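The sequence shown begins at 757 in the UniProt record's numbering and counts up one residue at a time.
All residues carry an ideal CB built from backbone N, CA and C; glycine is no exception.
Quick caveat: nothing in here was measured; it's all calculated off a predicted structure.
Structure record follows, encoded as structure tokens.
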Amino acid sequence: AKQAGRDTLRFFDPAMQAQIHARVRLEAGLRQALTNNEFLLYYQPQVDANRNMIGVEALLRWQHPERGLVSPGEFIPLAEENRLIVPIGGWVLETACRQLAAWAENPATADLMVSVNVSPQQFRETDFVARVLATLELTGARPEKLKLEVTESLFVDDRDEARETMRLLREHGVTFSLDDFGTGYSSLSYLRRLPLDQLKIDQSFVHDLLQDEASAAIVASIIALSHSLQLDVIAEGVETEAQLAWLMAHGCRAFQGYLFGWPEPVTSLPFSD
Ligand code: C2E
Ligand code: CA
Ligand code: CA
Ligand code: CA
């Protein structure tokens, strides 16, 4: 079938054509979404060993006028391809920082950290450092409470530049977490020299932890590695008490996952009324 596909004029395949149309429509919608105010942030709790909330991860949602809530898995890859992720990511950062500043006003929420996902395209913009600092200033959010989640792909090439960007922001108090850790291609040696604060164990390993010895070994190694490099570590995608017990037994002390809370609009979080 693969061979036949290559020799056929695929544009006349109606299923394929429908797919292309859907994509073009999605992209047109995405271009309008910022000006039409269709984005919103959900927040998912991050907890410590006593299940106290220590922070949240901001997760982007798109309230599409016809399709309803569109998940980021559907539109972020597209936004990365056409670079719309740069202005969208700017909106995410500003919105999350406004929330941080609002939480700072209330003693019950003043200690919460907010983790924000940053795409490589956004991170590599020449004025990324200036934009983050300007956003912190504009919103009044404390840099120490902002954690930027970056992925290993940043360090495959131009790692010196990436390191410099992180170093500059860290000088201002911003912290960094390495998201989806263990799924990338890069070697471990780069870790030594990166100004990181936290490793985030990818949810795929957590998911398979109790069924698959290899996943368990990888998670145990990541936790041990984080301890020896004096980095924080957080496990994501924790769904069951059994997974939590295993992670605790292996020295992990920070968690995120459906066991503790789903991503929700800010008004649904436990401490808001
Ligand atoms: P991620 O950064 O790895 O985020 C974690 C994803 O796992 C989220 O999916 C979250 O809802 C989901 N999740 C949380 N707990 C559990 C659990 O216990 N089990 C399972 N199976 N899943 C869980 P979501 O919100 O659909 O986001 C998907 C991805 O989209 C994110 O993966 C991230 O890569 C990207 N993304 C989301 N928001 C942003 C953003 O503001 N900027 C950028 N650049 N990317 C974003
Ligand atoms: Ca993340
Ligand atoms: Ca992740
Ligand atoms: Ca992921």
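Going by DSSP, name the residue or residues bridged to F932.
-> L904
Note the first and the last residue of the continuous beta strand (DSSP E) segment covering W818.
-> M809 to H820
Quick one: Cα of F1016 to Cα of V975, how far?
-> 20 Å
Closer than 6 Å: G1013 CB and nearest ligand 1 heavy atom = yes
With distances taken between CB atoms, is the gap from K956 to I990 smaller than 7 Å?
-> yes
Report yes or no: do the region 938-947 and the region 898-909 share at least 3 C-beta pairs separated by less than 8 Å?
-> yes
Confirm the yes/no value for this check: CB of E905, any heavy atom of ligand 2, distance under 6 Å.
-> yes
Within 6 Å: the Cβ of D935 and any heavy atom of ligand 2?
-> yes
Could you give the DSSP three-state label for P801: helix, strand or coil?
-> strand
Using only alpha-carbon positions, find the residue among E995, G811, E794 and S933 that is nearest to P801.
-> G811
Beta-carbon spacing of E836, Q773 below 7 Å = no
Between the C-alpha atoms of S1024 and D769, what's the straight-line distance to the nearest angstrom?
-> 45 Å
Should E995 be counted as a contact of ligand 1 given a C-beta to heavy atom distance under 6 Å?
-> yes
With 16 as the cutoff for other CB atoms within 10 Å, does residue 1041 come out buried or exposed?
-> Residue 1041 lies beyond the range of the chain shown here (757 to 1029); nothing can be said about it.
Between L987 and Q959, which are expected to be in contact by the criterion C-beta below 8 Å, what is the C-beta distance as a whole number of angstroms?
-> Actually they do not touch by this definition, with Cβ atoms about 19 Å apart.
Can you check whether the CB of Q999 is closer than 7 Å to the CB of V1022?
-> no
Simplified DSSP state of V1021, which is helix, strand or coil = Note on residue identity: the sequence assigns Pro, not Val, to residue 1021. Three-state DSSP puts P1021 in a strand.
From S982, R880 and E917, residue whose alpha carbon lies closest to that of R1009 | S982
Could you tell me if the beta carbon of E992 falls within a distance shorter than 6 Å of some heavy atom in ligand 5?
-> The model on display carries ligand 1, ligand 2, ligand 3 and ligand 4 but not ligand 5.
Beta-carbon gap between A852 and V874 smaller than 7 Å | no
For the alpha helix (DSSP H) that Q999 lies in, which residues bound it at each end?
-> E997 to A1005
Inspect the beta-carbon positions of A864 and G896 and report whether they are closer than 7 Å.
-> no
Only counting runs of 3 or more residues, tell me where the beta strand (DSSP E) segments fall wholly within the region 865-894, in order along the chain.
-> 869-873
Report, in whole angstroms, the separation of the C-beta atoms of W1002 and L965, which I expect to be a contact under 8 Å.
-> 6 Å
Where P1026 and F884 are concerned, what is the direct C-alpha to C-alpha distance, given to the nearest angstrom?
-> 33 Å
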